[in-house]
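Enquirer:
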Amino acid sequence: MKLSTPLSSIKGVGPKTEEALMGAGLKTIEDALVYLPRRYDDFSEVVSIVDLKPGNVVVRARCESVSTRPVRRGMRITTAVLADATSKVKAVWFNQPYRETQLKSGKEFLFSGQFVFQYNRYQLQNPSVEQFEESDAAPQASSSKIVPVYRHIKGIKPKTVQDLFNQLRVFMEFIPETLPDWIVQGQGLVGRAEAIRFLHFPDSSSQVDRGRERLAFEEIFEMILAAQLNKQDHAKLTGWQIPFDQPTVKSFVESLPFNLTNAQRRAAWQILQDLESPHPMNRLLQGDVGSGKTAVAGLIARQVAQAGLQTAVMAPTEILATQHAETLSRLLEPFGVNVALLSGSVKSRPRQEILSRLVSGDIDVIVGTHALIQRGVEYHKLGFVVIDEQHRFGVKQRQALLEKSQFMPHLLSMTATPIPRSLALTLYGELDVSVLDELPAGRQPIETKIWSPTSASKLYESIDKEISGGRQAYVICSLIDENPDNDRKSVEAEYRRLKSTIFYGRKIGLLHGKLKADEKDAVMRQFAAGDIDILVSTTVVEVGVNVPNATVMLIENADHFGLSQLHQLRGRVGRGEHKSYCHLMMSGNDKPSNRLREIESSQDGFYLAEVDLKLRGPGEIYGRAQHGALNLQIATLADVKLITRAQEAAEEFIKKQEDLVQYKHLARAVSRYQRLTTLN
Ligand code: ADP
Ligand code: MG
Numbered sequence: 002m003k004l005s006t007p008l009s010s011i012k013g014v015g016p017k018t019e020e021a022l023m024g025a026g027l028k029t030i031e032d033a034l035v036y037l038p039r040r041y042d043d044f045s046e047v048v049s050i051v052d053l054k055p056g057n058v059v060v061r062a063r064c065e066s067v068s069t070r071p072v073r074r075g076m077r078i079t080t081a082v083l084a085d086a087t088s089k090v091k092a093v094w095f096n097q098p099y100r101e102t103q104l105k106s107g108k109e110f111l112f113s114g115q116f117v118f119q120y121n122r123y124q125l126q127n128p129s130v131e132q133f134e135e136s137d138a139a140p141q142a143s144s145s146k147i148v149p150v151y152r153h154i155k156g157i158k159p160k161t162v163q164d165l166f167n168q169l170r171v172f173m174e175f176i177p178e179t180l181p182d183w184i185v186q187g188q189g190l191v192g193r194a195e196a197i198r199f200l201h202f203p204d205s206s207s208q209v210d211r212g213r214e215r216l217a218f219e220e221i222f223e224m225i226l227a228a229q230l231n232k233q234d235h236a237k238l239t240g241w242q243i244p245f246d247q248p249t250v251k252s253f254v255e256s257l258p259f260n261l262t263n264a265q266r267r268a269a270w271q272i273l274q275d276l277e278s279p280h281p282m283n284r285l286l287q288g289d290v291g292s293g294k295t296a297v298a299g300l301i302a303r304q305v306a307q308a309g310l311q312t313a314v315m316a317p318t319e320i321l322a323t324q325h326a327e328t329l330s331r332l333l334e335p336f337g338v339n340v341a342l343l344s345g346s347v348k349s350r351p352r353q354e355i356l357s358r359l360v361s362g363d364i365d366v367i368v369g370t371h372a373l374i375q376r377g378v379e380y381h382k383l384g385f386v387v388i389d390e391q392h393r394f395g396v397k398q399r400q401a402l403l404e405k406s407q408f409m410p411h412l413l414s415m416t417a418t419p420i421p422r423s424l425a426l427t428l429y430g431e432l433d434v435s436v437l438d439e440l441p442a443g444r445q446p447i448e449t450k451i452w453s454p455t456s457a458s459k460l461y462e463s464i465d466k467e468i469s470g471g472r473q474a475y476v477i478c479s480l481i482d483e484n485p486d487n488d489r490k491s492v493e494a495e496y497r498r499l500k501s502t503i504f505y506g507r508k509i510g511l512l513h514g515k516l517k518a519d520e521k522d523a524v525m526r527q528f529a530a531g532d533i534d535i536l537v538s539t540t541v542v543e544v545g546v547n548v549p550n551a552t553v554m555l556i557e558n559a560d561h562f563g564l565s566q567l568h569q570l571r572g573r574v575g576r577g578e579h580k581s582y583c584h585l586m587m588s589g590n591d592k593p594s595n596r597l598r599e600i601e602s603s604q605d606g607f608y609l610a611e612v613d614l615k616l617r618g619p620g621e622i623y624g625r626a627q628h629g630a631l632n633l634q635i636a637t638l639a640d641v642k643l644i645t646r647a648q649e650a651a652e653e654f655i656k657k658q659e660d661l662v663q664y665k666h667l668a669r670a671v672s673r674y675q676r677l678t679t680l681n
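Just so you know, my numbering puts the end of the sequence shown at 681, numbered straight through with nothing missing.
Written as structure tokens, this is what we have:
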């Protein structure tokens, strides 16, 4: 028997069990070995009630009696008497009335919580309750008190799963090592086989920790190594060498109506140095909303045009593309740099004209959406590509670029979504990073407040006052149409409601992704011109939209959004001279979560992204498309220490010029990550 032997060859695995195991993706012995427990029950900590001492405790007991009573307004206490073979103890829960039903089942439970002296007696306070299952303990509970609990496999009893693992125990030692020895030794990790054995058959909780540490390290290491190798590959390509021309840059900077911040200067300088290299740049420019990324991109485009090369600026939406085209024209046309917009609404003859000016080199800077790199769009000499608010520029796009240019253009991705250091090292490790960590002087903080529906009328009054003062407001709803399955507000319904009742007589606009491009454009233009007082919109206004006279951002069902997204939306206001407000309306009248409270007290996008990452995971911040890459089994991207260690090891791996061919498993994992980003 080998690791690749089908599980059906194991004693006790009949056709039915085999089918059920297949359903969970377990075909071979190896599949089963890497199917790790979901959690562990630590029976080593279970104490008899008679031996209880103050502090954190676990007891295994049945409930003798239970009741719930109100004590004061809004507060209910559930009290139970728990008993094991040695004694009895009282337990209390505050505002958890469902405990009563749960405990009345007469089953045996594990109670884990604080044993404290209160109200003249000892009691268990707010313990967690978990049903104790005989199968959890069997069969190796006799030898070990830490018992693995596996995710339920449909069609198989937990006992059968345990039996299966007991039989597989002998195969553990055949699990091959996947990392180089010098890494395992140097990092003080346990071997892969040992780690997996620890996780299936732990003798202590520290073995579980050691096993997890090893496998988590491996996951992160693979990810970082993939990114570093990508970076190496990209750096091997030939790029356009663009010498720094001081008079060109200087005259551009002097033409700006403001002084660049130090952060803008530093970022521009880093980019200009990259352009001088014979290899293409692949850099991320991150800066909070309003930090002035566009001015930096404009400066670089000026230098690129001076060298006789073209710039393409890609925005995620037509609205943003239009705005960028306007801004860049204003900044660049005085220098004779030709800027053009290629949007979806530019059709037939005008479109043909732009395309032919592009291929002849008459257009220096072209702005548009992703359509800019599609077939049929050809360039004279494309030297620089700016990707705004797109979190990633993957395989296909880069390939498309190479087809359009003699050399790989220099790439600059710009994002206002702050990327925590841990993500920058792992997922974005292939990019060089410049950070605008400074806002232009004189920006006022945006007053942020959480509201519940009961106080809505007060909120509407304050918004009305702003509008009377000549300002404008955004109202953001997450849905487009009303949806009976969903109690969140929709733009359609909210638009009608505000128009006919609360803000009757005000000019209300409606914006969402299902409108046609020219309709969207028209609404945005009206809003920017001040012809609309209140814009009811979905999150399409999220990124980059700039209307300085808008001072109010009201977000409905705010509790449904990630903090980073709320912060982005908030960045739509506070862009002019007037004081601005962000109102977060909750779905119900419950107390706001601590998470939502964070955004009330912080204007720091970096900090909020870190909180998001910890509480909701990276997918919430960086979108569904990247979920595949973030599908970590064991590691968490919030573990900065582990990530730093893995990064050092990856750098050493590359420095040593280790040959991936020697490490088959590692090579496979790395190429899986690489496929998301590389050229082949
Ligand atoms: P971002 O894209 O980073 O959110 P923008 O480039 O749209 O920011 O800039 C936001 C606003 O700040 C624009 O109106 C821009 O003209 C202005 N701005 C940019 N840099 C500066 C600066 N150094 N000083 C003052 N205002 C600036
Ligand atoms: Mg921007």
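Where is the CB? At the ideal position from N, CA and C, for every residue including glycine.
(1) Could you pull the start and end residues of the beta strand (DSSP E) that isoleucine 556 belongs to?
(2) Quick check on phenylalanine 118: does DSSP put it in helix, strand or coil?
(3) Figure out for me which residue from Leu564, Asp363, Thr18 has the closest Cα to the Cα of lysine 158.
(4) Using 9 Å as the threshold, is the C-beta distance between cysteine 583 and leucine 570 below it?
(5) Using only the alpha-carbon positions, how far apart do alanine 518 and glycine 377 sit?
(6) Following the continuous alpha helix (DSSP H) through arginine 573, name the residue where it begins and the one where it ends.
(7) Contact defined as beta carbons within less than 8 Å: I believe alanine 650 pairs with glutamine 188. What is the distance between those atoms, to the nearest angstrom?
(8) Taking DSSP as the reference, what is the three-state secondary structure of proline 279?
(9) According to DSSP, simplified to helix, strand and coil, what is glycine 240?
(10) What number of angstroms, rounded off, separates the C-alpha of serine 463 from the C-alpha of glycine 75?
(11) Can you tell me which residues form a DSSP beta bridge with tyrosine 712?
(12) Please state whether DSSP places proline 7 in a helix, a strand or coil.
(13) Taking only the alpha-carbon atoms, compute the straight-line gap between threonine 318 and valine 254 and give it to the nearest angstrom.
(14) What is the DSSP secondary structure of leucine 643, reduced to helix, strand or coil?
(15) Span of the alpha helix (DSSP H) holding glutamine 353?
(16) Helix, strand or coil: how does DSSP classify serine 68 here?
(17) With distances taken from CA atoms, which of Met224, Leu200, Leu226, Ile225 is nearest glutamate 214?
(18) Tell me where the beta strand (DSSP E) around isoleucine 464 begins and ends.
(19) According to DSSP, simplified to helix, strand and coil, what is glutamate 19?
(20) Give me the Cα-Cα distance between proline 38 and proline 149, rounded to the nearest whole angstrom.
(21) Give a yes or no on whether the C-beta atoms belonging to proline 549 and phenylalanine 259 are separated by under 9 Å.
(22) Which residue marks the beginning of the beta strand (DSSP E) containing glutamine 473, and which one marks its end?
(23) Hey, how far is the Cα of glutamine 648 from the Cα of glutamine 658?
(24) Just reading off the alpha helix (DSSP H) that arginine 596 is part of, what are its end residues?
(25) Does ligand 1 have even one heavy atom less than 8 Å from the beta-carbon of glycine 575?
(26) Given this structure, state the Cα-to-Cα distance separating valine 553 from tyrosine 475, to the nearest angstrom.
(27) Out of Gln119, His579, Gln445, state which residue places its alpha-carbon closest to the alpha-carbon of arginine 472.
(28) Would you mind giving the Cβ-Cβ distance between threonine 312 and valine 305, rounded to the nearest angstrom? I have them listed as a contact below 8 Å.
(29) Serine 520: which of Ile320, Tyr120, Ala530 sits nearest, CA to CA?
(30) Rounded to a whole number of angstroms, what is the C-alpha to C-alpha distance between valine 314 and glutamine 287?
(31) Are the beta-carbon atoms of alanine 551 and serine 435 separated by less than 9 Å?
(32) Pair every Cβ in the segment 438 to 458 with every Cβ in the segment 663 to 674, then say whether three or more of these pairs are closer than 8 Å.
(33) Whole angstroms is fine: what's the gap from valine 48's alpha carbon to serine 66's?
(34) Taking valine 254 as part of the alpha helix (DSSP H), name the residues at either end of that continuous run.
(35) Could you have a look at alanine 142 and say whether DSSP puts it in helix, strand or coil?
(36) Can you have a look at aspartate 534 and say buried or exposed, based on whether 16 or more other CB atoms are within 10 angstroms of its CB?
Expert: Let me lay it out:
(1) Reading the sequence shown from its first residue, position 555 is the one you call residue 556. That run of the beta strand (DSSP E) goes 551 to 556.
(2) To locate residue 118, count along the sequence shown from 1; it is residue 117. Strand at phenylalanine 118.
(3) For the purposes of this step, residue 158 is identified with residue 157 of the sequence shown, where counting begins at 1. Ranking Leu564, Asp363, Thr18 by Cα distance to lysine 158 puts Thr18 first.
(4) For this step, residue 583 is matched to residue 582 along the sequence shown. For this step, residue 570 is matched to residue 569 along the sequence shown. Contact: yes.
(5) By 1-based counting over the sequence shown, the position of residue 518 is 517. By 1-based counting over the sequence shown, the position of residue 377 is 376. So the alpha carbons of these two residues sit roughly 21 Å apart.
(6) One-based indexing of the sequence shown puts residue 573 at position 572. Counting along the chain, arginine 573 falls outside any alpha helix (DSSP H), and DSSP gives it neither H nor E.
(7) Looking up residue 650 in the sequence shown gives position 649. Looking up residue 188 in the sequence shown gives position 187. About 6 Å; that satisfies the 8 Å criterion.
(8) Taking the sequence shown and counting its residues from 1, one reaches residue 279 at position 278. Looking at proline 279 - three-state DSSP - the assignment turns out to be coil, as it is neither helix nor strand.
(9) Here residue 240 is taken as the residue at index 239 of the sequence shown, counted from 1. If DSSP states are grouped into helix, strand and coil, glycine 240 belongs with the strands.
(10) Here residue 463 refers to the residue found at position 462 when the sequence shown is read from its first residue. Here residue 75 refers to the residue found at position 74 when the sequence shown is read from its first residue. So the alpha carbons of these two residues sit roughly 31 Å apart.
(11) Because the chain spans 2 through 681 in this model, residue 712 falls outside it and cannot be assessed.
(12) The count along the sequence shown starts at 1 and reaches residue 7 at position 6. The three-state reading of DSSP puts proline 7 in strand, counting E and B together.
(13) Start at 1 with the first residue of the sequence shown, and residue 318 comes out as number 317. Start at 1 with the first residue of the sequence shown, and residue 254 comes out as number 253. Cα-Cα distance, rounded: 28 Å.
(14) The residue given as residue 643 occupies position 642 in the sequence shown. If DSSP states are grouped into helix, strand and coil, leucine 643 belongs with the helices.
(15) As a first step, residue 353 is located in the sequence shown; it is residue number 352 there, counting from the start. From DSSP, the alpha helix (DSSP H) with glutamine 353 extends over 349 to 361.
(16) Stepping through the sequence shown from its first residue, residue 68 is reached at position 67. Secondary structure of serine 68 (DSSP, three-state): strand.
(17) For the purposes of this step, residue 214 is taken as the residue at position 213 of the sequence shown. Taking only the C-alpha atoms, the option nearest glutamate 214 is Leu200.
(18) Residue numbering aside, residue 464 sits at position 463 when the sequence shown is read from its first letter. That residue, isoleucine 464, is in no beta strand (DSSP E); its alpha helix (DSSP H) goes 457 to 469.
(19) Stepping through the sequence shown from its first residue, residue 19 is reached at position 18. Residue state for glutamate 19 is assigned as helix, using DSSP reduced to three classes.
(20) On the sequence shown, residue 38 is found 37 positions in, with the first residue counted as 1. On the sequence shown, residue 149 is found 148 positions in, with the first residue counted as 1. Whole-angstrom Cα-Cα distance: 6 Å.
(21) In the sequence shown, counting from the first residue as 1, residue 549 sits at position 548. In the sequence shown, counting from the first residue as 1, residue 259 sits at position 258. No.
(22) What you label residue 473 is simply residue 472 of the sequence shown in a count that begins at 1. Here the beta strand (DSSP E) through glutamine 473 covers 473 to 477.
(23) Translated into positions along the sequence shown, residue 648 becomes position 647. Translated into positions along the sequence shown, residue 658 becomes position 657. Near 15 Å, if we compare the C-alpha coordinates of glutamine 658 and glutamine 648.
(24) As a working note, residue 596 is residue 595 in the sequence shown. Counting along the chain, the alpha helix (DSSP H) containing arginine 596 begins and ends at 595 to 602.
(25) Stepping through the sequence shown from its first residue, residue 575 is reached at position 574. Flag unset: Cβ of glycine 575 not near ligand 1.
(26) As a position in the sequence shown, residue 553 is number 552, starting the count at 1. As a position in the sequence shown, residue 475 is number 474, starting the count at 1. Note on geometry: alpha-carbon atoms of valine 553 and tyrosine 475 lie some 6 Å from one another.
(27) The count along the sequence shown starts at 1 and reaches residue 472 at position 471. It is His579.
(28) Taking the sequence shown and counting its residues from 1, the one referred to as residue 312 is at position 311. Taking the sequence shown and counting its residues from 1, the one referred to as residue 305 is at position 304. The C-beta separation of threonine 312 from valine 305 comes to about 5 Å, placing the pair in contact by the 8 Å criterion.
(29) Taking the first residue of the sequence shown as position 1, residue 520 is located at position 519. Contrary to the premise, residue 520 reads as glutamate rather than serine in this sequence. When each option's Cα is compared against that of glutamate 520, the closest is Ile320.
(30) Here residue 314 corresponds to residue number 313 of the sequence shown, with the count starting at 1. Here residue 287 corresponds to residue number 286 of the sequence shown, with the count starting at 1. In a straight line, the C-alpha of valine 314 is about 16 Å away from that of glutamine 287.
(31) For the purposes of this step, residue 551 is taken as the residue at position 550 of the sequence shown. For the purposes of this step, residue 435 is taken as the residue at position 434 of the sequence shown. For alanine 551 and serine 435, no; Cβs fall outside 9 Å.
(32) no
(33) If you number the sequence shown from 1, residue 48 lands on position 47. If you number the sequence shown from 1, residue 66 lands on position 65. Whole-angstrom Cα-Cα distance: 21 Å.
(34) Working through the sequence shown from its first residue, we reach residue 254 at position 253. Per DSSP, valine 254 belongs to the alpha helix (DSSP H) from 247 to 256.
(35) Taking the sequence shown and counting its residues from 1, one reaches residue 142 at position 141. Residue placement at alanine 142 is poorly supported in this model, since its pLDDT is 40, which falls under 50; the coordinates are not used for a value here.
(36) The residue given as residue 534 occupies position 533 in the sequence shown. That one is buried.
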